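These protein sequence lines are chains A and B, in that order. Quick note on my numbering: the first sequence kicks off at 1 and runs consecutively. Quick note on my numbering: the second sequence kicks off at 1 and runs consecutively. Idealized CB from N, CA, C, for every residue including glycine. Keep in mind the model is a prediction, meaning the values are calculated, not measured.
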Amino acid sequence: MSKLTTQPMLLGRSLARLDWRQYLTLFIFLGLCVVFHFLTLWKLGRPAFISQVNVINVIRQVSIVGIMAVGMTYVIMVAEIDLGVGSLLAVCGMIAALLQRADAGLLASILLPLLVGVATGLFVGLLVTYGRIPSFVATLGVLASYRGIALLISNRGQPVTGIDPSFRFIGAGVLGDVPGLASIPFIKVIPIPIVIFAVVIAVGAIVFQRYPFGRHVAAVGGNATAARLSGINVRAIKLAVFAISGICAAISALILTSRLNMGSPLSGTTMELDVIAAVVVGGTSLYGGRGSVLGSILGAMLIGVLSNGLNLMAVNPHWQPVVKGVVIATAVLLDQLGRRHEE
Amino acid sequence: MAENTPLVEMRNIYKSFGGVHAVEDVTIDLFAGEVVGLVGHNGAGKSTLIKMLSGAYTADSGKIFIDGREVTINNPRDARKYGIETIYQTLALADNLDAPANIFLGRELMRSGYLLNDDAMEAASREVLDRLRLNLPSVKEKVVNLSGGQRQAVAIGRAIYFNAKILIMDEPTAALGPEETAQVGELIHQLKKEGLGIFLISHDLHDVFDLSDRVSVLKNGALVGTVHTADVTKDDVLAMIIAGKLPEVATTPKSAQA
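Structure below.
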């Protein structure tokens, strides 16, 4: 129309094509890695940051939040939110631990928590779609009530122990424990949580990019009315994204319970915020319709590297939430600016 | 023979909500390669009438004929089966996706059964948009970055790719500037040449008068009359809309003339 509007529109256009937010996150991530590498080298006199042990350590730590971030990406893509994942993780972890203590067997201890994760997601999805309750409120309910449930099924808030060694493989095993892989030099030291993480990322990203379901999720987030008029079942899509988020929380619960060798009713407290932070830092818009699974993984890695680097540098741990908060606020600010350019 | 068989005929259609007669005994028709404007005040019944063709509502009584055959349209899926597609002014595009994704939304082309075939969808989109004489710098552009006319073309492309014979366009130019309105005009000419029948719906006569071959005017749920735009002036039609008064040269539906 007028000259005034053309200029920012052209700018927005080229920026949109670049998808600069994700590149920016990538640059910040790589920049942090370089900075921490040299800082730790200088301070500790050895490459403590970029070393095989530490890299594996960081990825393993990130895997818990990262797996949930894959599910959360789907939820946020349709402009919904899932605040219940931290508490759901605790309940699923407690169930796994209780089943282990009751000698229910490996299969039941894995399947039942996964089932609870899916069922919870579907229940939330029903509240949001048919009950017309905003997901913020519905999942706030899960956040509160599931924490209560986790504490109720524990023994007066105490962790549940007595986990069978066979269950330990999920969170504490390495690929070297698998028969036939024990002798392969690099492969054998890769922890199982990282393998599970990789599988979740691969499935999450491929479904997101290459399957009609992923495209429909993007369409519902971009314009739910258009999606409905195009014959997409918007309610089914929303039910599915909450179920995906639920199952991801359950997978993380299995890893965490196995790794800690106990079910803790307080595990996952405020973890929903870390998960949302990872997704948002990764360039997924809280307004829905724009984002990617790989971006969220990058976001999770960035936050993970930040914590790890600050730890290695022996920075006062109370600084960590402050730094994290600044990073998240910056990411959302950049998202807003990008949005304004596009309009 | 084909000359005398309308593409669409809605005959003696009634629809009421509660005690209110939204549409009362309305008969309209549409021929291949023809544009019929459907005009009237807000609440005149034009939207209700056309929603019974697009499948959003079902008629209380009356008959719908497609190509001379009586049909039942209970939902939008039925309408699509008969080649009826509806273009909504701004609602029906996902801004965050590109043209191919929008054109094929909900009906994606697949490879090996379950994966999206983006290459095929891109190629088909380019073909269909070429047919509409639309040159996009890149079809991979998100539609949020397209002009109103280009977006309209994407929406139409979505309809014609799936072999629509009958297009329903709701306020097609209401939100557009003069240049984009002209673009949509050209699109409509192109579609007429391909033999599609088009219903244009608008509460503003200026939007549709120049684009329509005939105009059907509704008032208070009843049909005032149908006129050839070549035979009347805009003022004649305005008198029909406002006063419900037929001009002297008023014509009956085209099918009745033959």
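When you compare the CB positions of Gly229/A and Tyr88/B, do they come within less than 8 Å of one another, or not?
It should be noted that the sequence gives Leu, not Gly, for residue 229/A. Result yes, Cβ atoms of Leu229/A and Tyr88/B sit closer than 8 Å.
Less than 8 Å between the CB atoms is what I'm expecting for Asp204/B and Ala174/B, so what's the real figure, rounded?
Between Asp204/B and Ala174/B the beta-carbon gap is near 7 Å, inside 8 Å, which marks them as a contact.
Can you list the residues of chain B that Tyr211/A reaches, using a CB-CB cut of under 8 Å?
Result: Tyr114, Leu115, Leu116.
Just the C-alpha distance for Gly325/A and Ala240/A, rounded to the nearest angstrom, thanks.
30 Å
For Val143/B, tell me which candidate among Asn57/A, Gly157/A, Ala226/A has the shortest Cα-Cα distance.
Looking at the Cα atoms, Ala226/A is the closest of the given residues.
Comparing the C-beta of Ser230/A with each C-beta of chain B, is any distance below 8 Å?
yes
Over the uninterrupted beta strand (DSSP E) stretch that includes Lys142/B, give me the two end residues.
Lys142/B -> no beta strand (DSSP E), and no H or E assigned at all.
Check whether the Cβ of Arg215/A lies closer than 8 Å to any Cβ atom in chain B.
yes
Could you tell me which of Gly197/B, Pro178/B, Thr72/B sits nearest to Lys165/B, measuring between CA atoms?
Gly197/B
Do the segment 108-119 of chain A and the segment 81-97 of chain A touch if we need at least three Cβ pairs shorter than 8 Å?
yes
Between Trp42/A and Asp103/A, what straight-line distance do the alpha-carbon atoms span, to the nearest angstrom?
50 Å
State the Cα-Cα distance for the pair Val203/A and Ala79/B, rounded to the nearest angstrom.
37 Å
Could you run through the segment 275-294 of chain A and flag, in chain order, every residue whose CB is less than 7 Å away from some CB of chain B?
Gly289, Arg290
Going along the chain, which residues of its own chain have a beta-carbon closer than 7 Å to the beta-carbon of Ile133/A, five neighbours each way excluded?
Leu127
Measure the C-alpha to C-alpha separation of Met68/A and Leu111/A and round it to an integer number of angstroms.
17 Å
Go to Leu152/A, then tell me how far its alpha helix (DSSP H) extends in each direction, as first and last residue.
135-152
When the Cα atoms are used, what is the spatial distance from Pro247/B to Gly225/B?
9 Å
Report the option in Asp25/B, Met10/B, Glu9/B, Val8/B whose CA atom is closest to the CA atom of Ser16/B.
Asp25/B
What three-state label does DSSP hand Met262/A in the structure shown?
coil
Considering just the uninterrupted stretch of the beta strand (DSSP E) at Tyr14/B, what are its terminal residues?
8-17
Within 8 Å, do at least three Cβ pairs link the segment 5-21 of chain B to the segment 48-56 of chain B?
With contact defined as three or more Cβ pairs closer than 8 Å, the segment 48-56 of chain B and the segment 5-21 of chain B are in contact.
Report the residues of the segment 73-100 of chain B with a CB closer than 7 Å to any CB of chain A, ordered along the chain.
Tyr88, Leu91, Ala92, Leu93, Ala94, Asp95, Asn96, Leu97
Measuring straight from C-alpha to C-alpha, what distance separates Asp119/B and Thr73/A?
25 Å
Using a C-beta to C-beta distance shorter than 9 Å, which residues of chain A count as neighbours of Leu132/B?
Ordered by position in chain A, no residue passes the 9 Å Cβ test against Leu132/B, which lies about 19 Å from the chain.
If you draw a straight line from the C-alpha of Ala239/B to the C-alpha of Leu200/B, how long is it?
19 Å
Are the C-beta of Gly304/A and some C-beta of chain B separated by less than 8 Å?
no
Would you tell me roughly how many angstroms separate the C-alpha atoms of Glu127/B and Phe123/A, rounded to the nearest one?
The alpha-carbon separation between Glu127/B and Phe123/A amounts to approximately 44 Å.
Does Gly106/B have its Cβ less than 8 Å from a Cβ in chain A?
Closer than 8 Å to some Cβ of chain A, the Cβ of Gly106/B qualifies, so yes.
From the beta carbon of Gly204/A, is the nearest beta carbon of chain B less than 8 Å away?
Chain B has no Cβ within less than 8 Å of the Cβ of Gly204/A.
Quick one: using the 10 Å Cβ neighbour count with 16 as the cut-off for buried, is Arg344/A buried or exposed?
This structure cannot settle anything about residue 344/A, because the visible part of chain A is limited to 1 through 343.
Counting C-beta neighbours from all protein chains within 10 Å, is the total for Phe31/B 16 or more, i.e. buried, or is it exposed?
buried
Mind checking whether Thr25/A and Val281/A have CB atoms under 8 Å apart?
At the C-beta level, Thr25/A and Val281/A come within 8 Å of one another.
For Glu85/B, count neighbouring Cβ atoms within 10 angstroms of its own Cβ and tell me buried if that reaches 16, exposed if not.
By the neighbour-count rule (16 or more Cβ atoms within 10 Å), Glu85/B is buried.
Can you tell me which of Gly299/A, Gln336/A, Val332/A, Leu337/A puts its alpha carbon nearest to the alpha carbon of Leu32/A?
Gly299/A
Which bits of chain B does Lys221/A rub up against, with CB to CB less than 9 Å?
In the sequence as displayed, the identity of residue 221/A is Gly instead of Lys. The answer, in chain order, is Ala94, Asn96.
Fully enclosed by the segment 85-168 of chain B, which beta strand (DSSP E) runs are 3 residues long or longer?
As summarised for the segment 85-168 of chain B, there are no continuous beta strand (DSSP E) elements at least 3 residues long confined to that stretch.
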